[in-house]
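Structure, as structure tokens:
Protein chains: 4
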Amino acid sequence: MSAVLLVKAATAGPDDVDALKLLAAEGLGVDDVIAVAAKTEGNGCVNDFSRTLGARAWHDVLPAAAVTVMSGGTEGVLSPHATLVVRAPWRTGLRGASASTPPIPKAVLGRRPQVDAVARTVGEAVADAGLRPQDVHLVLVKCPLLTSEDVAACRAAGTEPVTTDTYESMARSRSAAALGVALALGERTGEEVDAALAAGGWDAWSGVASCSSGAEIADCQVLVLGSDPAGGPLRMAHTVLHDAIDAGAVLSLLAELGAGPAGEGAEVVHAFAKAEAAPDGLVRGRRHTMLTDSDLHSTRHARAAVGGLLAGLVGDPCLYVSGGAENQGPPGGGPLALVVRASS
Amino acid sequence: MSAVLLVKAATAGPDDVDALKLLAAEGLGVDDVIAVAAKTEGNGCVNDFSRTLGARAWHDVLPAAAVTVMSGGTEGVLSPHATLVVRAPWRTGLRGASASTPPIPKAVLGRRPQVDAVARTVGEAVADAGLRPQDVHLVLVKCPLLTSEDVAACRAAGTEPVTTDTYESMARSRSAAALGVALALGERTGEEVDAALAAGGWDAWSGVASCSSGAEIADCQVLVLGSDPAGGPLRMAHTVLHDAIDAGAVLSLLAELGAGPAGEGAEVVHAFAKAEAAPDGLVRGRRHTMLTDSDLHSTRHARAAVGGLLAGLVGDPCLYVSGGAENQGPPGGGPLALVVRASS
Amino acid sequence: MSAVLLVKAATAGPDDVDALKLLAAEGLGVDDVIAVAAKTEGNGCVNDFSRTLGARAWHDVLPAAAVTVMSGGTEGVLSPHATLVVRAPWRTGLRGASASTPPIPKAVLGRRPQVDAVARTVGEAVADAGLRPQDVHLVLVKCPLLTSEDVAACRAAGTEPVTTDTYESMARSRSAAALGVALALGERTGEEVDAALAAGGWDAWSGVASCSSGAEIADCQVLVLGSDPAGGPLRMAHTVLHDAIDAGAVLSLLAELGAGPAGEGAEVVHAFAKAEAAPDGLVRGRRHTMLTDSDLHSTRHARAAVGGLLAGLVGDPCLYVSGGAENQGPPGGGPLALVVRASS
Amino acid sequence: MSAVLLVKAATAGPDDVDALKLLAAEGLGVDDVIAVAAKTEGNGCVNDFSRTLGARAWHDVLPAAAVTVMSGGTEGVLSPHATLVVRAPWRTGLRGASASTPPIPKAVLGRRPQVDAVARTVGEAVADAGLRPQDVHLVLVKCPLLTSEDVAACRAAGTEPVTTDTYESMARSRSAAALGVALALGERTGEEVDAALAAGGWDAWSGVASCSSGAEIADCQVLVLGSDPAGGPLRMAHTVLHDAIDAGAVLSLLAELGAGPAGEGAEVVHAFAKAEAAPDGLVRGRRHTMLTDSDLHSTRHARAAVGGLLAGLVGDPCLYVSGGAENQGPPGGGPLALVVRASS
């Protein structure tokens with residue numbers, strides 16, 4: 000059995016590991032932690048050292064096997080926090096597991112071998128968690144990127160990397176990781192994956208993948224969460240937002256879980272969402288300016304906007320909203336997973 | 000009678016005045032335009048030249064007396080657009096009027112004389128529109144700021160300006176304008192205004208003021224909008240958001256006007272809102288990072304977040320969300336006005 | 000004869016055209032102006048509306064045939080200013096002419112037809128100015144870019160544009176324009192141009208081209224400046240900076256013109272330079288961070304740094320330093336042209 | 000005797016401590032390190048986590064008493080690097096010492112008690128280094144700032160902090176630290192310090208102080224460097240730049256040390272400079288835009304510009320250029336210290 004609990008705590012900075020202090024009250028210890036997923040207050044882009052700082056701080060205190068998913072960017076109302084995923088020896092309603100791929104060679108970043116490495120690791124984690132594919136609601140993947148040095152090293156070794164733009168490499172890595180999730184869960188076939196990689200578009204997507212990339216890691220780290228069919232006090236479900244303002248999908252998912260838009264009903268424990276600027280430059284047919292703003296990257300825009308919508312409907316700014324939803328939900332939208340505590 | 004119509008059009012750039020082409024279909028002409036309120040795609044801060052460009056383009060085509068309120072900043076999903084306020088010779092359900100103060104001497108910017116100048120002009124516009132104070136739902140004010148040159152000129156003339164920080168001067172000007180609106184409509188007394196100016200806090204607020212500042216003007220330009228007690232196809236109402244994620248207030252106002260969160264019921268024609276980073280650094284008790292982000296000004300964060308929430312609930316990204324809500328609604332929140340077209 | 004004078008004036012904003020007032024003292028009039036080259040205080044990137052505003056203001060007052068080169072970005076010590084290039088009926092020491100290509104179809108932007116259009120127009124301007132190729136010291140080109148709408152329109156018409164990244168399109172347009180200059184002046188052959196376009200690298204460069212791109216124009220506008228072999232009070236020369244800190248090249252060029260690093264000797268009237276982040280990520284073997292800074296585009300970094308060096312050595316912050324030196328001088332460096340007034 | 004050596008190494012990231020590997024070749028060990036002064040690749044402003052990350056990495060490997068001065072911001076050509084200050088048992092030509100104040104209570108940050116704490120600690124370090132005041136060429140001080148939480152805590156405790164603006168608090172802390180240096184070295188009297196604090200201006204300055212502030216520390220950490228009157232292979236001297244483009248002062252200081260602008264003569268080992276936007280908005284009478292750029296903080300502009308000038312004249316981008324020169328050199332300028340290795 001792989002029952003897990005979510006322990007969420009606001010953080011005072013990227014290196015704040017005080018969430019650990021909450022474990023004792025649950026009768027749990029640091030050795031029970033299988034993952035930490037945190038929002039840190041950097042820009043979420045190439046030069047976001049808040050992620051590196053957070054990863055270092057958590058590595059210093061967590062078991063070696065624990066996965067650390069640091070997602071930079073708390074734009075707008077989003078609030079920095081850390082969520083521990085902790086094994087619990089009782090039925091919680093949630094099941095989960097974490098795992099890591101071997102280091103991804105820089106030459107294959109964004110390419111089929113990265114997809115396959117992620118797919119294998121996701122498959123192992125799903126099995127380890129004792130989850131059926133249909134009960135999986137979230138697969139968080141933290142994946143590497145290309146730095147200027149990586150690009151130079153690839154070329155020196157005679158390989159052209161998938162892109163020479165360091166920022167673009169973050170997108171390509173997220174894309175490959177998302178396709179790996181889709182492949183592992185049967186959402187997409189290998190042929191569809193190859194076609195998606197060749198076309199470069201985002202039409203082949205996973206409905207549960209949430210991938211973020213950062214300079215602080217060399218492998219892909221995976222966290223799988225899903226519902227225990229046997230039930231329990233926590234309930235989880237997911238949907239996809241079809242665009243960045245899909246309030247209808249949020250309200251439906253809340254209703255499905257017995258929670259209301261103004262805090263009534265079941266208490267929302269956490270929300271995990273992806274956000275991105277629609278690649279066609281439009282939201283509901285209206286021009287957005289996220290892709291032509293040279294002062295502010297589009298992922299920062301998108302997190303702020305989707306974070307505002309979700310925080311309003313959920314009533315809590317401590318949400319995991321991550322930018323860059325390539326192949327994660329439909330273009331311009333993204334997956335959304337909610338966890339609630341059933342009212343007693 | 001001062002019935003007005005709102006003619007809203009997406010814009011291809013700050014200098015796009017094609018909204019004028021929509022007037023003919025309504026049987027109206029450019030001479031009927033009393034104001035234009037536009038969102039332009041700049042940063043909404045000191046060096047936002049999209050506002051200057053927009054103002055210049057509109058000045059070239061509108062009647063001299065028309066007020067041009069250019070509000071910079073279409074962060075996140077917000078979409079650049081222009082809204083013409085046009086006198087109509089039939090009952091529309093809305094009444095409105097515009098007016099301008101004399102130029103505000105830089106030495107009194109942010110001080111009581113600016114408050115009084117705005118109050119007088121608002122009073123005149125309310126009377127001109129034939130509105131009772133309780134029927135006023137929105138007072139847009141565009142007001143000047145201090146540049147580095149203004150600061151130097153003040154000091155050369157022997158006066159210490161209200162602030163020497165050009166960005167801060169935008170807030171002080173908005174604050175004085177909002178207090179002028181509150182004074183004109185009886186929301187606050189002169190004593191309360193003096194106390195608010197002395198204290199520097201934002202606790203004395205107007206529930207209908209929406210003020211923005213820009214380098215392109217020297218006077219304060221005022222647009223008043225409200226409900227025609229005799230009714231008509233358009234209906235208007237207002238409320239205040241108590242914080243940046245006050246979905247409950249939005250949903251209540253939509254319900255009051257017969258519109259639903261997913262586009263059902265009455266069609267939402269427009270929304271006018273103010274947004275700001277809560278000055279105590281918290282949203283619902285959670286730390287936000289808008290005030291400590293040295294890469295991105297807090298007004299940009301706040302517009303993106305509130306714009307995301309409103310666009311989701313209203314179903315349209317062409318909304319007027321303006322940053323910097325000092326004395327406009329409660330600290331961290333802001334006024335919200337909606338206009339709907341009653342379903343027939 | 001095509002003698003020209005440079006009339007440089009600090010500007011109070013992008014729409015400040017007061018430089019015209021200086022013409023009378025020279026006995027010249029607005030009809031004598033063949034071009035204006037200005038530095039405006041925007042970000043110099045895709046969403047720089049200071050350029051659009053400046054272009055609009057100058058178009059309203061200059062002869063229709065005059066070329067307006069608005070270059071955004073006055074980072075660091077660089078100071079906003081406008082330089083009029085004015086035909087003078089006496090020997091000044093400088094010769095110049097301006098001309099424009101037809102509108103560049105968006106489908107060929109960054110491709111050989113843009114190169115050829117620029118080359119033809121440069122050739123005409125050089126002939127018109129009565130310059131020999133070896134006396135040309137500066138060819139300013141203002142060229143268009145691709146917006147999100149342009150990309151969509153290209154694809155709708157069945158053509159894949161040279162890039163779908165709006166920011167990248169600025170570089171591709173500058174690159175094609177620079178190759179056009181090199182082709183016109185015999186610096187490169189047509190075969191070398193084709194090879195450079197195919198390879199995408201910046202090794203085939205012009206030593207006198209200074210190209211900038213902006214959303215406000217659809218054609219390429221060209222200004223050619225060079226030395227009158229017959230001499231005169233103004234003297235001009237050019238060199239290339241081999242990297243962004245090539246103080247040696249600046250000092251040599253100053254010495255060649257009889258000017259010293261601390262303001263002694265001949266008075267420096269103007270400097271025109273290009274700046275860019277070295278594409279290999281290194282300056283003198285040291286890592287720079289301009290290409291991995293997701294908060295600040297590399298062209299802003301580069302203008303600030305090169306502007307600091309030049310302003311120090313020239314003793315004046317009103318310099319024309321433009322970002323993005325693709326195919327303009329060696330990679331990481333760029334052309335530099337100086338104009339001095341010989342001491343009498 | 001307190002002879003010290005400077006060991007400078009380029010860094011691959013803020014947490015790169017490989018500079019330590021260079022010690023063995025000098026016959027020195029990690030226990031000999033008294034300080035590290037590094038430039039890290041963050042924004043150098045409030046939310047610069049590259050400093051926190053660097054400080055954490057160095058604390059993990061250096062002796063507890065070693066001072067870590069992490070200065071964020073490598074704009075333009077500036078290159079991330081770390082400089083170890085190491086005690087050497089032979090005559091190097093340099094003397095130095097480091098020391099720290101007790102934690103500075105947040106309520107007195109930017110006020111006289113911070114000045115006095117710094118002055119006492121500087122005095123002790125100067126004595127410890129065996130330096131005469133006239134031989135001191137550089138006093139690096141790293142000092143704390145106010146976060147939003149600090150401001151709230153001060154007010155909760157009944158004290159109004161020196162400012163409520165977190166960014167402004169960085170300037171006030173640097174200012175108090177610089178006045179402490181000036182007081183310790185006899186550059187300013189206590190009365191002048193009080194007057195400077197009361198006036199808030201920057202006219203009372205130190206010619207050797209280089210202060211930077213960061214969220215990662217609570218005390219003020221001091222490093223003093225100066226010339227050994229007995230001489231040695233390293234030579235040090237200092238001057239002040241009177242504005243941000245004072246090439247003349249740089250060239251004079253280079254000449255004084257026997258080094259030339261193009262790398263001839265003595266090898267420049269290191270340069271330490273402060274940079275800031277002139278508070279009057281002018282450089283040599285020309286308007287700069289650093290203080291009205293709402294997208295980019297003025298300290299980032301200033302570091303880029305001054306870094307470009309110095310890197311050009313010194314021939315190396317691995318320079319310590321720190322932003323915010325309040326009371327450190329004349330307004331708009333700043334102190335500059337150079338270390339060269341005499342040619343043999």
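Chains Y, X, L and F supply the protein sequences, listed in that same order.
So the first sequence is residues 0 to 343, counted in numbering that gives the first Met the number 0.
So the second sequence is residues 0 to 343, counted in numbering that gives the first Met the number 0.
So the third sequence is residues 0 to 343, counted in numbering that gives the first Met the number 0.
So the fourth sequence is residues 0 to 343, counted in numbering that gives the first Met the number 0.
Even glycine gets a Cβ: it sits at the ideal position worked out from N, Cα and C.
{"Item": "Segment contact flag, the region 288 to 304 of chain L with the region 46 to 63 of chain Y, C-beta cutoff 8 Å, min 3 pairs", "Value": "yes"}
{"Item": "Continuous alpha helix (DSSP H) stretch holding G53 of chain Y: start and end", "Value": "48 to 58"}
{"Item": "Beta-bridge pairing of H269 of chain L - partner residues as DSSP gives them", "Value": "L:V338"}
{"Item": "Rounded C-alpha distance that separates V125 of chain X from G306 of chain Y", "Value": "38 Å"}
{"Item": "Distance CB(L318 of chain Y)-CB(A270 of chain Y) smaller than 8 Å", "Value": "yes"}
{"Item": "Exposure label - K7 of chain X; buried when at least 16 CB within 10 Å", "Value": "buried"}
{"Item": "Distance CB(R94 of chain F)-CB(A64 of chain F) smaller than 8 Å", "Value": "no"}
{"Item": "N-terminal and C-terminal residue of the beta strand (DSSP E) that C142 of chain F is part of", "Value": "135 to 142"}
{"Item": "Interface positions of the region 37 to 66 of chain L facing chain Y (Cβ-Cβ less than 9 Å), listed along the chain", "Value": "N42, G43, C44, V45, N46, D47"}
{"Item": "Contact test: S97 of chain X Cβ vs the ligand ZN heavy atom, cutoff 7 Å", "Value": "As for the ligand ZN, it is missing from this structure, which has no ligand bound."}
{"Item": "Within chain Y, partners of I244 of chain X - CB distance below 8 Å", "Value": "V76, G307, A310, G311, G314, P316"}
{"Item": "Simplified DSSP state of A155 of chain L, which is helix, strand or coil", "Value": "helix"}
{"Item": "The region 102 to 110 of chain F / the region 164 to 171 of chain F touching (three or more Cβ pairs under 8 Å)", "Value": "yes"}
{"Item": "Cβ-Cβ distance between T51 of chain F and D14 of chain Y below 8 Å", "Value": "yes"}
{"Item": "Alpha-carbon spacing of S297 of chain Y relative to P104 of chain X, whole angstroms", "Value": "39 Å"}
{"Item": "Per-residue contacts from P260 of chain Y into chain X (C-beta, under 7 Å)", "Value": "A246, L250"}
{"Item": "Spatially closest choice to A272 of chain Y from Y:G259, Y:E215, Y:V338, Y:L196, by CA coordinates", "Value": "Y:V338"}
{"Item": "Unbroken stretches of the alpha helix (DSSP H), 4 residues or longer, contained in the region 164 to 196 of chain X", "Value": "165 to 183"}
{"Item": "S70 of chain L (DSSP reduced to helix, strand or coil)", "Value": "strand"}
{"Item": "Local conformation of R86 of chain F per DSSP, three classes", "Value": "strand"}
{"Item": "Amino acids of chain F, ordered along the chain, whose beta-carbon sits closer than 7 Å to that of Y166 of chain X", "Value": "S293"}
{"Item": "T39 of chain L (DSSP reduced to helix, strand or coil)", "Value": "strand"}
{"Item": "Cutoff 8 Å: T146 of chain X Cβ touching any chain F Cβ", "Value": "yes"}
{"Item": "Anticipated Cβ contact below 8 Å, L137 of chain F with S209 of chain F, distance rounded", "Value": "6 Å"}
{"Item": "C-beta atoms of E275 of chain X and G331 of chain X nearer than 8 Å", "Value": "yes"}
{"Item": "Bridge-paired residues (DSSP) for C210 of chain X", "Value": "X:V140"}
{"Item": "Assigned secondary structure, G225 of chain F (DSSP; H/G/I helix, E/B strand, else coil)", "Value": "strand"}
{"Item": "Start-to-end residues for the beta strand (DSSP E) that takes in L252 of chain X", "Value": "Note, L252 of chain X: premise wrong, no beta strand (DSSP E); alpha helix (DSSP H) at 246 to 255."}
{"Item": "Where the beta strand (DSSP E) containing G95 of chain Y begins and where it ends", "Value": "93 to 99"}
{"Item": "G206 of chain F vs G328 of chain F beta-carbon contact at 8 Å", "Value": "yes"}
{"Item": "The region 110 to 121 of chain Y contacting the region 219 to 238 of chain Y, beta-carbon criterion three pairs below 8 Å", "Value": "yes"}
{"Item": "Cβ of A170 of chain F within 8 Å of any chain L Cβ", "Value": "no"}
{"Item": "Rounded distance between the beta-carbons of A203 of chain F and L178 of chain F, thought under 8 Å", "Value": "7 Å"}
{"Item": "Burial state of T188 of chain F, where buried means 16 or more other Cβ atoms lie within 10 Å", "Value": "exposed"}
{"Item": "Chain X residues whose Cβ lies nearer than 8 Å to that of D149 of chain L", "Value": "The premise fails here: D149 of chain L is roughly 11 Å from chain X at the closest Cβ pair, so nothing lies under 8 Å."}
{"Item": "C-beta contact flag for V84 of chain Y and V3 of chain Y at 8 Å", "Value": "yes"}
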